[in-house]
Amino acid sequence: MQAISTVLRNRMWLGFLVLCAALLTEGCTRANTQTKDLGADVDDVAANLIKQPLLHSASIGVVYRGKEIVRHRGDMRSGQKNPPTDATLYEIGSLSKTLAGTLMAKAVVERKVSLDDDIRMYLSEAYPNLQYKGEPIRIRHLLSHTSGLPNMLPERANVVLADFTDRRTPGELNVVYAHYGQAEFFKDLHTVDIPRGPGKKYAYSSAGTELTAHILETVYKRDYESLLREFFHDSAAITDTRIRLSGPEASRLAIGYHSDNPVPTTPMPQLPWGASGNVKATVPDMMKYLKFQLANGPVVKESHRPLVEFDSEFSIGYFWNIVAGDSLKGVYYAHHGGVPRSQCYIYIVPKYDLGIFVITNQSGDQTANYMEAAIDTLVERIAARENIAS
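The structure is reproduced here in structure tokens:
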């Protein structure tokens, strides 16, 4: 009986192992099939995206449960066979702000700064105007767009951008920033009037991001671009992301189109620090950035922490838009980037261990809507696939 019992137990154990192996094989096959199918979905979404009015080129990068999928579609220059590639340097516009927010999160984690620091601690001149009835602008207000600072400095830039789709806008921006550096920025900062108590109301401010870069330079005693490149190289193996381009690098910069102008337009002019809208990156580097975000290490976790909650569905972290209440996506982190000849979106969706980056070399008033629709389609298909798998 003992021998029979042992044989039965061994057979049961063997059967269990066979069953486990079968389930693992099925799981691996299903995962591989999901990834393969997702590649087809990304192909489909990219092909549909460049069919939209004025869009003729796009790149999409997806990180899904550790797997990377990159697709480049269309032609960079209208009417010519020159699709974007992994080597193409794109202007990512205001998505640059999330990198600045990440660097400030690092400074907070390292206790180099406090979110409640009065920003005037880091300025070399007196700025009695940077307060409202005794309440100063604090670092948290810069990061959450609640400082009361204008969108752009100089103020003339805001007038130009008010009619963004006007064909004259890129050229006029170039004139505004042709001789506008950090010294001019600090001079104009003296003229700013804070209209309300900081922290009270959302008002998008690229000027606030530029000040964030200055604070980081003051704290670390390094120029902002060096801080940016070193941190992301060391933490995410990002090697092809920068603010200013050398001659050979400039030849890789994507050409782009503004609004309905059929003639390629000039790049975004250089801002005083470039933290709010001058970062250039390749799609492979953005894939590394997606993975870095999804890994959710201490710095990322801090950068995703809500600093201001405007309602139950919308908060701001370290320049990240935090959206809740979406039954499909769950809580997710997103940011749009746009310059006169390029627009992009980044989405971090922890519910599916998913990151999406979409960029086009055209910038118009409907470009963001087309990209959002593309992202929604991808998320819907992933959600449907996961529901089937479960």
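The opening residue of the sequence shown carries number 0 in numbering that gives the first Met the number 0; numbering runs sequentially from there. Even glycine gets a Cβ: it sits at the ideal position worked out from N, Cα and C. Keep in mind the model is a prediction, meaning the values are calculated, not measured.
Straight-line gap, Ala-57 to Leu-244 (C-alpha atoms, nearest Å) | One C-alpha to the other measures close to 22 Å.
What did DSSP end up calling Thr-376 once you bin it into helix, strand or coil?
-> helix
Where does Pro-169 sit, in a helix, a strand or coil, going by DSSP?
-> It is helical.
Excluding sequence positions up to five away, which residues of its chain have a Cβ less than 7 Å from the Cβ of Arg-230?
-> Checking the displayed sequence, the identity of residue 230 turns out to be Phe instead of Arg. Residues Leu-102, Lys-105 of the same chain have their beta carbon placed closer than 7 Å to that of Phe-230, with the five preceding and five following residues left out of the count.
Among residues of its own chain, excluding the 5 on either side of Trp-272, which ones have a beta-carbon nearer than 6 Å to its beta-carbon?
-> Glu-209, Ala-212, Tyr-223
With 16 other CB atoms within 10 Å as the buried threshold, where does Val-262 fall?
-> Per the 10 Å Cβ criterion, exposed.
What are the boundary residues of the alpha helix (DSSP H) that Gln-181 is part of?
-> DSSP places Gln-181 in the uninterrupted alpha helix (DSSP H) bounded by 181-188.
Does the separation of the CB atoms of Glu-385 and Tyr-351 fall below 8 Å?
-> Cβ atoms of Glu-385 and Tyr-351: closer than 8 Å.
With contact counted as at least three CB pairs below 8 Å, one residue from each stretch, are the stretch 106-120 and the stretch 338-349 in contact?
-> no
Excluding the five sequence neighbours on either side, which residues of its own chain have a C-beta within less than 7 Å of the C-beta of Ile-374, listed in chain order?
-> Tyr-344, Tyr-346, Ile-355, Val-357
Collapsed DSSP secondary structure at Tyr-126 in the structure displayed | coil
Who are His-257's beta bridge partners in DSSP?
-> Beta-bridge partners of His-257 (DSSP): Ser-362.
Can you grab the Cα-Cα spacing for the pair Pro-52 / Thr-190, in whole Å?
-> Near 42 Å, if we compare the C-alpha coordinates of Thr-190 and Pro-52.
Let me know if Ala-20 comes out buried or exposed under the rule of 16 or more other beta-carbons within 10 Å of its beta-carbon.
-> For Ala-20, the predicted model reports a pLDDT of 41, less than 50, meaning its position is unreliable; a value from the coordinates is still stated below. Result: exposed.
DSSP three-state assignment for Gly-73, whether helix, strand or coil | strand
Kindly give me the distance between the Cβ atoms of Ala-46 and Arg-72, rounded to whole angstroms, as I take these residues to be in contact under 8 Å.
-> 6 Å
Quick one: complete beta strand (DSSP E) runs, 3+ long, within the stretch 257-334?
-> Listed in chain order, they are 307-310, 313-315, 320-322.
Of the residues Phe-309, Leu-377, Ser-362, which one's Cα is nearest the Cα of Gly-255?
-> Looking at the Cα atoms, Ser-362 is the closest of the given residues.
Opening and closing residue of the beta strand (DSSP E) in which Ile-59 lies = 56-63
Under 8 Å between the Cβ atoms of Val-62 and Leu-377?
-> Not in contact: Val-62 and Leu-377 (Cβ atoms no closer than 8 Å).
Own chain, CB closer than 7 Å to Met-285, minus 5 neighbours either side, in chain order = Gly-60, Phe-356
Since Ser-341 is in the beta strand (DSSP E), which residue starts that stretch and which ends it?
-> Counting along the chain, the beta strand (DSSP E) containing Ser-341 begins and ends at 341-348.
Determine, using beta-carbon pairs with one atom in the stretch 164-177 and one in the stretch 325-342, whether at least three such pairs fall under 8 Å.
-> yes
Please look up how many angstroms separate the CB atoms of Leu-327 and Ala-382, rounded, as I've assumed it's under 8 Å.
-> 6 Å
Other residues of its chain near Gly-196: CB distance less than 6 Å, five sequence neighbours each side excluded | Within the same chain, Gly-196 has close Cβ partners Tyr-131, Glu-134.
What do you reckon, are the CB atoms on Asn-260 and Leu-270 nearer than 8 Å?
-> no
Buried/exposed call for Met-267, threshold 16 Cβ in 10 Å = buried
Starting from Lys-105, trace the alpha helix (DSSP H) both ways and give me its first and last residue.
-> 95-108
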